[in-house]
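Remarks on the structure that follows.
Number of protein chains: 2
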Amino acid sequence: MGTKYIGKQSIRFDNPPSIVASAAVGSKKEGDGPLGSWFDYISADSRFGQKSWEKAETTMQQKVFSIACDKAMLSPSQLRYIFAGDLLNQCTASSYSMRDSGIPFLGLYGACSTIAQGLALAAMSIDGGYADKAAVITSSHFCSAERQFRTPLEYGGQRTPTAQWTATAAGCAVLSAVGQGPFITNVTIGTIKDAGISDVNNMGAAMAPAAYETISTHLADFSIKPGDYDLIVTGDLGKVGHDILLDLFSRDGFDLSAICDDCGLLLYSLEEQDVHAGASGCGCAASVLCGYLLAGVRSGRWKKVLISATGALMSPVTSGQGESIPGISHAVTICSSGEGF
Amino acid sequence: MGTKYIGKQSIRFDNPPSIVASAAVGSKKEGDGPLGSWFDYISADSRFGQKSWEKAETTMQQKVFSIACDKAMLSPSQLRYIFAGDLLNQCTASSYSMRDSGIPFLGLYGACSTIAQGLALAAMSIDGGYADKAAVITSSHFCSAERQFRTPLEYGGQRTPTAQWTATAAGCAVLSAVGQGPFITNVTIGTIKDAGISDVNNMGAAMAPAAYETISTHLADFSIKPGDYDLIVTGDLGKVGHDILLDLFSRDGFDLSAICDDCGLLLYSLEEQDVHAGASGCGCAASVLCGYLLAGVRSGRWKKVLISATGALMSPVTSGQGESIPGISHAVTICSSGEGF
Chain A
372 MGTKYIGKQS IRFDNPPSIV ASAAVGSKKE GDGPLGSWFD YISADSRFGQ KSWEKAETTM
432 QQKVFSIACD KAMLSPSQLR YIFAGDLLNQ CTASSYSMRD SGIPFLGLYG ACSTIAQGLA
492 LAAMSIDGGY ADKAAVITSS HFCSAERQFR TPLEYGGQRT PTAQWTATAA GCAVLSAVGQ
552 GPFITNVTIG TIKDAGISDV NNMGAAMAPA AYETISTHLA DFSIKPGDYD LIVTGDLGKV
612 GHDILLDLFS RDGFDLSAIC DDCGLLLYSL EEQDVHAGAS GCGCAASVLC GYLLAGVRSG
672 RWKKVLISAT GALMSPVTSG QGESIPGISH AVTICSSGEG F
Chain B
372 MGTKYIGKQS IRFDNPPSIV ASAAVGSKKE GDGPLGSWFD YISADSRFGQ KSWEKAETTM
432 QQKVFSIACD KAMLSPSQLR YIFAGDLLNQ CTASSYSMRD SGIPFLGLYG ACSTIAQGLA
492 LAAMSIDGGY ADKAAVITSS HFCSAERQFR TPLEYGGQRT PTAQWTATAA GCAVLSAVGQ
552 GPFITNVTIG TIKDAGISDV NNMGAAMAPA AYETISTHLA DFSIKPGDYD LIVTGDLGKV
612 GHDILLDLFS RDGFDLSAIC DDCGLLLYSL EEQDVHAGAS GCGCAASVLC GYLLAGVRSG
672 RWKKVLISAT GALMSPVTSG QGESIPGISH AVTICSSGEG F
């Protein structure tokens, strides 16, 4: 059996798994945003008919999973694994959403990078011969995140200009060993980078160095240039982090401004929707990828897309203890054909 | 490339990865217990020289990782991935312990089943050709867990007879494509089982059905009997959960009492150390496996061991909202030779 690891941190798949279906679910604010039409389901009720925000997030995951399975025309029992994670303490949105599914469950924690981590591991499980089909799900909910990470909603705390708005959204991708694509051809697993930022209202700045490191390593590992991609998307750096990322690359002589975007900038209309520096949350990159971006690959708009989802790995306790915010980013190459790098 | 998935939920590795080194670290209570001599390092100071319990847990992870790398005679930079997780909100013990390591990091959340989940994924990454070497680390700390999940230590809350004592311990295993063993030959990934238990002081009862399901499925998937193992170890059901597990198997006509043990029963002397139903925490199964159990496989005491680590996937928020406790268990076959099932 051949070795599939490349360079410092990367993987090239022998038999690139196919994303046979994907789905995105959101609530009113996500539906009102510029990507609203790319969501499979928008709930006007951000409680999703439940009594708590946490139960709402669980219900949202079940909804996106059900839609993705329907689109893939398979029953959940045909899935060999679910890779899932979210922002809630002990990742309960994921475990409670899947507790009656009967599907082998692998819980992840990568903060807002979870969708990329899940896609990487699910693709490894399929290309490696450990599964024929697997799914990845992640979610976040503005209200469950606000009260857990910041202040009770009722407190009405003022938001700083660098703050990002946690998306009430979930994304699900179903991967298969057989399919017409889009394909996952390459992966770069990120290392943790801590730039010393300790302002939890400036997570874009905390995560940008991780995205820079992962994308740079990815390009070096495969000996490619940014222009070999039609689109490089981070998620979710927001306005502050995105500008830092472009600046870091410009120091290396790369102008990424024309081909680099960010899920945190795409999901909402920043000024009209009053979201300050942009969107964030596990559900941001997941829903933007599983809706808008994968649709663009399927339609032929983009042939090669790099998604480098980013996560801020702090907790309210570590912040309270004066720690800075470690960032991480994992990068996944998504191609309309099985030909990657 | 051949298919390596077997039956409903299991995997047989073509080239079983070798556990080239493992280490266990604990504090005073763990050192005083019956397995004290199997720990590589015992800190009399449960703060591990740090100012907070959370920083202590991070330091404990760094210590166990450093010892395991030394025993494997490799520098951390030779590792392709770290798979790590813990019980703290947002799994910060793991991310902060590895933030300066420069090693590609994959965060997991499987509660106390995390060591088995990590071993399964790390073994897949190596057997699949995505890595030559990878490490798995998990930890728990009595004091950081008590104040997060239950009450402040200063409160001095009375413990119920079914309560378990969260281990202050960490375990680390270093896996390699090349080595003399012990080998990871087979894996069964668990599904989530919710038996309807909502008493957070009775997690053994909540997790026992998951262990039963995973071990039963494992035996069926490989067409083997319990007696094909020298030892089947759950972790960490404690006294209550262990008795339920034996009872569930007795209904199937299997008497597991002679070959089945539990990490939660092994770590402490239940009555002398006043730990009620036994030990728990991610660090319990991890340290018992990475110390005592792997030593027993290396010495030839046991040739084939099944470790089915168990996790309770609730949070204080879900419990507060009246939810029952979902359990999960992943099983990993560890053999002194590369011949598994």
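Which chain is which? The protein sequence lines are A and B, in order.
Per our numbering, the very first residue in the first sequence carries number 372; after that it's consecutive.
Per our numbering, the very first residue in the second sequence carries number 372; after that it's consecutive.
We treat Cβ as the ideally placed atom computed from N, Cα and C, and that holds for glycine.
Model, not experiment: these values are computed from the prediction.
By the Cβ-count criterion, Arg672 of chain B is exposed, with fewer than 16 other Cβ atoms from all chains shown falling within 10 Å of its own Cβ.
The criterion of a C-beta distance shorter than 8 Å is not satisfied by Asn460 of chain B and Ser408 of chain A. Under a criterion of Cβ atoms nearer than 7 Å, the residues of chain B adjacent to Ser423 of chain A are, in order, Gln692. Going by C-alpha positions, Tyr452 of chain B is about 17 Å away from Ile438 of chain B. Boundaries of the alpha helix (DSSP H) harbouring Tyr583 of chain B: Met574 to Asp592, taken from the DSSP string. Contact of Leu677 of chain B with chain A is not assigned, every C-beta pair being separated by 8 Å or more.
With contacts defined by Cβ atoms closer than 8 Å, Val396 of chain B and Phe410 of chain B form a contacting pair. Distances from the alpha-carbon of Ala680 of chain A to those of A:Tyr583, A:Gln551, A:Pro405 and A:Arg518 put A:Tyr583 closest. Separation of Leu479 of chain B and Arg530 of chain A (C-alpha to C-alpha, rounded to the nearest whole angstrom) is 31 Å.
Considering only A:Thr588, A:Gly527 and A:Asp570, the residue with the shortest C-alpha distance to Thr559 of chain A is A:Thr588. Across the segment 492-505 of chain B, CB contacts with chain A closer than 9 Å involve Leu492, Met495, Ser496, Asp498, Gly499, Gly500, Tyr501, Ala502 and Asp503, in sequence order along the chain. For Lys610 of chain A, no beta strand (DSSP E) encloses it; the enclosing alpha helix (DSSP H) starts and ends at Gly609 to Arg622. Only Val558, Thr559, Ile560, Gly561, Thr562, Ile563, Lys564 and Asp565 from the segment 557-586 of chain A bring a Cβ to less than 9 Å from some Cβ of chain B.
Contact check for Gln692 of chain B and Lys426 of chain A: beta-carbon distance about 7 Å, within the 8 Å limit, so the pair qualifies. The criterion of a C-beta distance shorter than 8 Å is not satisfied by Ser417 of chain B and Cys543 of chain B. Under the three-state reduction of DSSP, Ile486 of chain B is assigned to helix.
By the 16-neighbour rule on beta-carbons within 10 angstroms, Tyr526 of chain A is exposed. When the alpha-carbon of Phe476 of chain A is set against those of B:Gln488, B:Ala516, B:Ser468 and B:Met469, the nearest one is in B:Gln488.
In the pairwise beta carbon analysis, the segment 631-648 of chain A is classified as touching the segment 397-407 of chain A: at least three pairs are separated by under 8 Å. Within chain A, no C-beta atom comes nearer than 8 Å to that of Gly652 of chain B; the closest sits roughly 13 Å away. In this structure, Ile678 of chain A places its C-beta atom within 8 Å of the C-beta atom of Val703 of chain A. DSSP places Thr681 of chain A within a strand segment (E or B) once states are collapsed to three. Taking a Cβ-Cβ cut-off of 9 Å, the neighbours of Thr463 of chain B in chain A comprise Leu684, Met685, Ser686, Val688, Thr689, Glu694 and Pro697, given in sequence order. Nearest to Ile390 of chain A by C-alpha distance, out of A:Gly575, A:Cys706 and A:Gly711, is A:Cys706. The three-state secondary structure of Gly654 of chain B, taken from DSSP, is helix. Contact between the segment 498-513 of chain A and the segment 440-455 of chain A is present, with at least three C-beta pairs closer than 8 Å.
The beta carbon of Gly654 of chain A lies closer than 6 Å to those of Ser510, Ser511, Ala538, Ala540 and Ala541 in the same chain, with the five residues before and after it left out.
For Gly691 of chain A, the enclosing alpha helix (DSSP H) begins and ends at Pro687 to Gly691. Around Pro475 of chain A, the beta-carbon contacts reaching into chain B at under 7 Å are Gln380, Ile560, Gly561 and Thr562. Nearest C-alpha to Phe620 of chain A among A:Lys422, A:Gln551, A:Gly649 and A:Ala579: A:Ala579.
Across the structure, Ser569 of chain B and Gly612 of chain B are spaced so that their CA atoms are roughly 14 Å apart. Sixteen is the threshold: when 16 or more other Cβ atoms of the shown chains lie within 10 Å of the Cβ of Gln380 of chain A, as they do, the residue is buried. The Cβ atoms of Leu492 of chain A and Pro388 of chain A lie no closer than 8 Å to each other.
As computed with DSSP, Ala394 of chain B is found in a beta bridge with B:Cys543. In the displayed model, Lys596 of chain B falls within coil according to three-state DSSP, outside both helix and strand.
DSSP assignment within the segment 378-459 of chain A yields the following whole beta strand (DSSP E) runs of 3 residues or more, N-terminal first: 381-383, 389-398, 412-414 and 452-457.
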